[in-house]
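Visitor: Encoded as structure tokens, here's the structure I'll be asking about.
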Amino acid sequence: MRGQQVLCFLALSLGGQPLAPACSVNFIPWQSQAVWPLSEEPMPLNTQLHVRIPIAASQALRRPKPPVAAPMLRGGLTQTFDEPVSVLAQSLTLQELTTTARVPTRWYATAGSQEAYFVLVPQAPLRPQTEYVVMMDSPSGRERLGTFRTGLAEDRTPPAWRGLKRARYVPAQDQWSDSCPSLPVHGPLIELAIHEATDEGQVRYAVWVAENGEALRYQDRPQAYLDPKDGLLRIGSLPRGADHVRIGVRATDVAGNLSPPGELELKLPPGGR
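Under this note's numbering, the first residue of the sequence shown carries the number 34, and numbering increases by one thereafter.
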């Protein structure tokens, strides 16, 4: 949800003791990561498509007309209608590659300060051994975001996952670091060390966050889907004013099957939020 994302962490452990600063680099050109999953391997017939569009890039998708009212939008299960989500959602379609037949989908979306994130859920199983493409419409024309092909069966088996190892708070980096002078600033983060999930296909991690004793609501859509880097998940957009947070994470596969949750509670340092 980023172009080039390079983070420098001066992390605090759960006990509040400072750890040595360390730099980590995670270069993600959004054009090559806009659609998940993409693989040479056949995908299950109940594959769900994750589409990530940076806010800066999505501005070009705003059509020169008033936004359509939320109830008129195609899809459903929508978590937010924050702009540019409501306009952008009309610009994403799933279709068969050879026949260009559109696949009816339900969709839900979230919007952050850096990106709009969509999950497209086909309303019926996809056709076996068929190539599909995610298309994006803009005033300048149609763009192919990614293609995949299906196999012969659906996937109803969730990933196997042993859960979370530990969490630690990462304070905001509000100025250039002497140890990592090329790294940009960032807000406060929570860094989660995880066990790696196993599945026949690709896996990412759905994240829920509750604050100050509130219960985690897994019946709601997750706040974020994250990919690990060096066995770590990094969560931004922390609740404002919270004394502590409870984090729930579930491994999810390309068909949307969810593992049992792993949960951790983390006390936030005063003035660090």
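Quick reminder that beta carbons are idealized off the backbone N, C-alpha and C, glycines included. On a predicted model such as this, the values are computed, not experimentally measured, just so you know.
Alpha carbons only, please: which of L130, P191, V136, A157 is nearest the one belonging to F181?
Guide: L130
Visitor: Residues in its own chain within less than 8 Å of P158 by CB, not counting five upstream and five downstream?
Guide: Within its own chain, the residues whose Cβ lies closer than 8 Å to the Cβ of P158, once the five positions on either side in sequence are excluded, are L78, N79, E187, listed in chain order.
Visitor: With a threshold of 16 other CB atoms inside 10 Å of the CB of P192, please say whether the residue is buried or exposed.
Guide: The Cβ neighbour count for P192, taken over all protein chains shown within 10 Å, is at least 16; the residue is labelled buried.
Visitor: Tell me the rounded alpha-carbon separation between R139 and T285.
Guide: 18 Å
Visitor: Spatial neighbours of G196 within its chain, please: CB distance less than 7 Å, with the 5 preceding and 5 following residues excluded, ordered by chain position.
Guide: H228, G295
Visitor: Assign T132 to one of two classes, buried (16 or more other C-beta atoms within 10 Å of its C-beta) or exposed (fewer than that).
Guide: Under this definition T132 is an exposed residue.
Visitor: Closest to V154 by CA distance: which of D232, E148, V136, M169 is it?
Guide: Among D232, E148, V136, M169, the Cα nearest to that of V154 belongs to V136.
Visitor: Buried or exposed: which applies to A288, given that a residue is buried once 16 or more other Cβ atoms fall within 10 Å of its Cβ?
Guide: buried
Visitor: Using a 10 Å radius around the Cβ and a threshold of 16 neighbouring Cβ atoms, would you call L301 buried or exposed?
Guide: buried
Visitor: Is T190 buried or exposed, if buried means 16 or more other CB atoms sit within 10 Å of its CB?
Guide: A residue is called buried once 16 or more other Cβ atoms fall within 10 Å of its Cβ, and T190, having fewer, is exposed.
Visitor: R199 to H277, Cα distance in whole Å?
Guide: 15 Å
Visitor: Considering only DSSP beta bridges, list what E296 is partnered with.
Guide: Answer by DSSP bridge pairing, in chain order: G281.
Visitor: What does Y258 pair with, by DSSP beta-bridge criteria?
Guide: A239
Visitor: Have a look at L271 and P221 and give me their C-alpha separation to the nearest angstrom.
Guide: 7 Å
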